[in-house]
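Okay, structure first, notes after.
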Ligand SMILES: [Zn+2]
């Protein structure tokens, strides 16, 4: 056995049973679909982006996700595109689920019915909690689900209705307040943030990069007010606001979130969907904000893909910036591997967050985490074999990156998440 193989085996044996904090998940599938269908659940991940990229039309995707149609007919629609992208992270994750959870080697015309039957035989709610325990997810941070089950989850909140858009009517209804001036609007925004924080949110999550550039300038109060009044007059509340409005509101929100002591999860890099302006999400554009909000922690999500090598420089230079590998191993396992390899030469290990599933279904989270733990073991083993640091230090770093860094940055102790399981 080579030096590398021996070190990998030992590291993987250590990392495999580690409890982790999962930095980013979506609402559990069982909550939105009480009778989930296997093929629909599988496609309705970001896998549909790859299927679409391979040429599958949106109408065909919708048909394949329609549980009222015969399963084999739906699979036949997917099959050529599935084969075309079986090599990508998402399809590999699904195949890993088939292997690990259902004991089936590959997803195909011959196995799809068998997998579907096994999938449907589980009680979805029960299966979710068992899945998180099996994956050893101590706590996952869930995007926009304040109602999440606090046994395993803590929420992050979003504020698109105030920042990216101006949804006056929605806010009036939610808060039960009247809004007639821009001052009312700012008060309502503050009230919303306080409600989320008081209800146990552990982060503010923003996807502003999906609508506009992360080059966030200084919109003035007057410009923001003008955009707001325009929406108020139109009385439909859904006019696209000016860029200056978004910039003013984004800073307003950051300041309030900072007062409440919460970190920010910044979506960076490529956005989900069927086409967007990728450079809008270039995280290097955030430097002015990092300088301005020195006492606020910024978690740079999704390794900023495809800017994963560049964001090491942000983690290195700014005390308040944390490179995060949520979504990463599905976007590109090799990209994640290369990023971590690079970051471990430049970024303090206490700054890196090793895992965020970005899935919503427990089986997907489980398989994604298996892939993450293997990838991190490979990178650390290579570094140890090269003599960069010793095995004990590599183990310590793995625990920081998978568990302790997110536990600390998201203030999970204050949020009532116990580390007791880690000791058992
Ligand atoms: Zn996500």
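Residue numbers (this note's numbering): 356 to 779.
C-beta: ideal position from N, C-alpha, C; glycine also.
Next item on the list: Identify the continuous alpha helix (DSSP H) that holds residue 361 and give its terminal residues.
Entry: 358-370
Check: Start and end of the alpha helix (DSSP H) containing residue 412?
Finding: Per DSSP, residue 412 belongs to no alpha helix (DSSP H) and is neither H nor E.
Note to self: Suppose the cutoff is 6 Å on Cβ atoms and the five residues either side in sequence are ignored; what does the same chain contact list for residue 696 look like?
What the structure shows: 734
Item checked: Rounded separation between residue 493 and residue 622 - CA only -> 23 Å
Check: What is the DSSP secondary structure of residue 663, reduced to helix, strand or coil?
Finding: Of the three classes helix, strand and coil, the one that applies to residue 663 here is coil, per DSSP.
Notebook entry, point to check: Can you tell me whether residue 538 is buried or exposed, with buried defined as 16 or more other CB within 10 angstroms of its CB?
Noted result: By the Cβ neighbour-count rule, residue 538 is exposed, with fewer than 16 other Cβ atoms within 10 Å of its own.
Note to self: Please state the DSSP three-state secondary structure of residue 612.
What the structure shows: helix
Margin query: At a threshold of 7 Å, does residue 379 count as lining ligand 1 (C-beta to nearest heavy atom)?
Written below: For ligand 1, at least one heavy atom lies less than 7 Å from the Cβ of residue 379.
Checklist line | Alpha carbon of residue 730 to alpha carbon of residue 524, nearest angstrom | finding: 47 Å
Margin query: With a threshold of 6 Å on Cβ separation, who are the neighbours of residue 508 within its own chain once the five nearest residues in sequence on each side are excluded?
Written below: Correct list, in chain order: 495, 497.
Note to self: Which residues does DSSP list as the beta-bridge partners of residue 496?
What the structure shows: 509
Check: With respect to 7 Å, is the separation between the Cβ of residue 498 and the closest non-hydrogen atom of ligand 1 below this value?
Finding: yes
Next item on the list: Quick one: which unbroken alpha helix (DSSP H) runs of 4-plus residues sit fully inside the region 638-683? Chain order, please.
Entry: 642-647, 666-672
Next item on the list: Kindly give me the distance between the Cβ atoms of residue 708 and residue 760, rounded to whole angstroms, as I take these residues to be in contact under 8 Å.
Entry: With a Cβ gap of about 6 Å, residue 708 and residue 760 count as contacting.
Item checked: Classification of residue 741 by the beta-carbon crowding that lies within 10 angstroms, buried from 16 upward -> exposed
Notebook entry, point to check: Among the residues of its own chain, which have a CB less than 6 Å from the CB of residue 554, if the five just before and after it don't count?
Noted result: 501
Notebook entry, point to check: Mind checking whether the beta-carbon of residue 682 lies closer than 7 Å to any heavy atom of ligand 1?
Noted result: yes
Check: If we count the other Cβ atoms within 10 Å of its Cβ and call it buried at 16 or more, is residue 712 buried or exposed?
Finding: buried
Margin query: When you measure from the CB of residue 713 to every non-hydrogen atom of ligand 1, does any distance come out below 7 Å?
Written below: yes
Notebook entry, point to check: Buried or exposed: where does residue 612 fall if 16 or more other Cβ atoms within 10 Å of its Cβ makes it buried?
Noted result: buried
Item checked: Simplified DSSP assignment, three categories, for residue 601 -> helix
Item checked: Runs of beta strand (DSSP E) lying entirely within the region 527-561, each at least 3 residues, in chain order -> Listed in chain order, they are 558-561.
Notebook entry, point to check: Should residue 843 go down as buried or exposed, given a rule of 16 or more other Cβ atoms within 10 Å for buried?
Noted result: Since the displayed the chain opens at 356 and closes at 779, residue 843 lies outside it and no answer follows.
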